[in-house]
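Below: one structure, written as structure tokens.
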Amino acid sequence: MTSKVYLAMGIFSSIFTLSACQAALQSVTANQQAPIVAPVVPAVLDSDGDGVLGDIDECPQTPLHTVVDDRGCPFTLIGVGLKMEYRAFFAKDSSELSKEYQLDLDKVAEQMNKYDTATMKIEAHISKDEMGQALSALSKNRAMMVKNYLILKHDIKPSRLSTFDCGIRAPIASADTEEGKSMNRRVYGLATEPKINAYNDPVDSASKICDEF
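Read in order, the letters of the sequence shown are residues 832 to 1044 in my numbering.
Structure, rendered in structure tokens:
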């Protein structure tokens, strides 16, 4: 009889211990938090390569080498006068104007010769990884490359061209990605015929933080 009592007590004790362990395990599992997954931020791309990022490009399928306005659409003449934008992008640490951007600049020069009172503002920029001491004049060199091309090849008078050194002060893309850095290595120009004063000149806002030279 005594042995049966001890046996029953042993079984009860084992069941109680197992239940307690299961309850403790469930408590630990319930208190564990799900891992926090950082959201993936999609990169903003320039799908047609016109220099206007896709999220603001109103004409996302512009043909290659088409000069566009600030909406990403082919430039148009409205009434009298001229408004024409120009964008060129550069390899890292370089001020060399590649052939494709020379062709775009030829189109700008053609219109400036047609509207012989038109003027052009030329902004030059560098990316954050081009800030070495030896490259302090890089943005100026990029601006002068565009200006001299217009003067030497198309006989545009220097007085019609103004240049601005913007350095890294007016980026248009993130400096944390290679694509963003390449977008920031650029020259932006705006050719206008002075009779059209109603245009909201997009280059003016950047020019206020850039150094004219």
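For each residue, glycine too, the CB sits at the ideal point set by N, CA and C.
Given the structure is predicted, the values throughout are model-derived calculations rather than measurements.
- Taking each of I957, D924, K914 in turn and checking the Cα distance to A1006, the smallest one comes out for I957.
- Residue pairing by DSSP puts F995 in a beta bridge opposite E954, E1043.
- Under the 8 Å Cβ criterion, the stretch 974–981 counts as touching the stretch 936–952, having at least three qualifying pairs.
- Per DSSP, the unbroken alpha helix (DSSP H) holding K978 starts and ends at 969–985.
- In the structure shown, M915 falls within a strand segment according to DSSP collapsed to helix, strand and coil.
- M915 places its beta carbon less than 7 Å from that of Q942.
- For G903, the secondary structure class from DSSP, reduced to helix, strand or coil, is coil.
- When DSSP states are grouped into helix, strand and coil, Y932 belongs to the helix group.
- According to DSSP, residue pairing for A949 in a beta bridge does not occur.
- Residue environment for E961: buried (at least 16 other C-beta atoms within 10 angstroms of its C-beta).
- Under DSSP, G1020 shares a beta bridge with Y917, I953.
- Rounded to the nearest whole angstrom, the C-alpha separation of V1018 and G912 is 23 Å.
- Counting only residues of its own chain and dropping the five nearest sequence neighbours on each side, P891 has a CB closer than 8 Å to the CB of S878, D879, G885, G903.
- Going by beta carbons, M1014 and A1004 fall inside the 7 Å limit.
- The alpha-carbon of A974 is positioned some 14 Å away from that of S929.
- Contact annotation, G1020 with M951: C-beta distance approximately 5 Å; criterion of less than 8 Å satisfied.
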